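Participant: Numbering (the numbering used here), first residue to last: 21 to 183.
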Ligand SMILES: [Zn+2]
């Protein structure tokens, strides 16, 4: 078994679509970033790379590479999931928390979960996506940005789990 954790945060800015977990969410602002700024997919991809002990997202997808400008984070996560399979491992489960004061994300959690599971190539029962606010505290509480953290457990691809 291999475990990994990931954290990410992006600034909110007007004039950008808000994409979290591969799901576009109606909002007046979106997340800034070299890619589409999908903070949830980045945290999960980082957790998977951590479990592989294979560096960080910046090493595999450097923001200095103009070819990666505006890249869909779904492409990034699918690429990392392929690295997991290439290592002879599979995702046992992922648990992630999005930390956002606004907009209200609870109505979108099921769709995010399904989206993440599809990108990882696993059943939705292996993916948990939760949301919390900071109760108004700090930069996130002031609505300046959104953060996410995730843990991922990888097991040998030969092992069969019930769920
Ligand atoms: Zn990011």
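Quick reminder that beta carbons are idealized off the backbone N, C-alpha and C, glycines included. For clarity, every value in this text was computed on a predicted model and none was experimentally measured.
By Cβ distance, which residues of its chain are closer than 6 Å to residue 94, with the 5 residues on each side in sequence left out?
Facilitator: Counting from one through the chain shown, the residue named residue 94 turns up at place 74. Within the same chain, residue 94 has close Cβ partners 42, 139.
Participant: Is residue 39 helix, strand or coil when you go by DSSP?
Facilitator: Taking the chain shown and counting its residues from 1, one reaches residue 39 at position 19. Residue 39 falls in the strand class under three-state DSSP.
Participant: Looking only at its chain, what residues have a beta carbon closer than 7 Å to the beta carbon of residue 28, apart from the 5 residues adjacent to it on each side?
Facilitator: Within the chain shown, residue 28 is the residue found at index 8, counting from 1. Excluding residues within five positions, the ones whose Cβ falls inside 7 Å are 59, 62, 63, 66, 167, 168.
Participant: Is residue 133 buried or exposed, if buried means 16 or more other CB atoms sit within 10 Å of its CB?
Facilitator: Here residue 133 corresponds to residue number 113 of the chain shown, with the count starting at 1. The residue is buried, with at least 16 neighbouring Cβ atoms inside 10 Å.
Participant: Is it right to say residue 96 is buried, meaning 16 or more other beta carbons lie within 10 angstroms of its own, or is it exposed?
Facilitator: Residue mapping note: residue 96 aligns to position 76 of the chain shown, counting from 1. With 16 or more Cβ atoms within 10 Å of its Cβ, residue 96 is classed as buried.
Participant: Would you check if there are 3 or more beta carbon pairs closer than 8 Å linking the region 67-83 to the region 21-35?
Facilitator: As far as the Cβ criterion goes, the region 67-83 touches the region 21-35, which means the pair count is three or higher.
Participant: Specify, as a first and last residue, the run of the beta strand (DSSP E) that residue 80 falls within.
Facilitator: Residue mapping note: residue 80 aligns to position 60 of the chain shown, counting from 1. Residue 80 -> not in any beta strand (DSSP E); alpha helix (DSSP H) instead, spanning 77-80.
Participant: Tell me which residues pass a beta-carbon proximity test against ligand 1: closer than 6 Å to any heavy atom, given in chain order.
Facilitator: Here the residues come out as 28, 30, 53, 59, 62.
Participant: If you compare alpha carbons, which of 159, 111, 120 is closest to residue 148?
Facilitator: One-based indexing of the chain shown puts residue 148 at position 128. If we check each option's Cα against that of residue 148, 111 comes out closest.
Participant: Here's the rule: buried if 16 or more other CB atoms are within 10 angstroms of the residue's CB, otherwise exposed. What is residue 32?
Facilitator: Position 12 of the chain shown, counted from the first residue, corresponds to residue 32. Buried: at least 16 other Cβ atoms inside 10 Å.
Participant: What is the DSSP secondary structure of residue 153, reduced to helix, strand or coil?
Facilitator: Looking up residue 153 in the chain shown gives position 133. Coil at residue 153, not helix or strand.
Participant: For a test of the three-state rule: what should DSSP assign to residue 51, helix, strand or coil?
Facilitator: The count along the chain shown starts at 1 and reaches residue 51 at position 31. The answer is strand: DSSP assigns residue 51 an E or B state.
Participant: Considering only the beta carbon of each residue, do residue 129 and residue 114 sit closer than 8 Å?
Facilitator: The residue given as residue 129 occupies position 109 in the chain shown. The residue given as residue 114 occupies position 94 in the chain shown. The answer is no: Cβ separation not under 8 Å.
Participant: Would you mind giving the Cβ-Cβ distance between residue 163 and residue 154, rounded to the nearest angstrom? I have them listed as a contact below 8 Å.
Facilitator: The residue given as residue 163 occupies position 143 in the chain shown. The residue given as residue 154 occupies position 134 in the chain shown. Between residue 154 and residue 163 the Cβ distance is about 10 Å, and since that is not below 8 Å, they are no contact.
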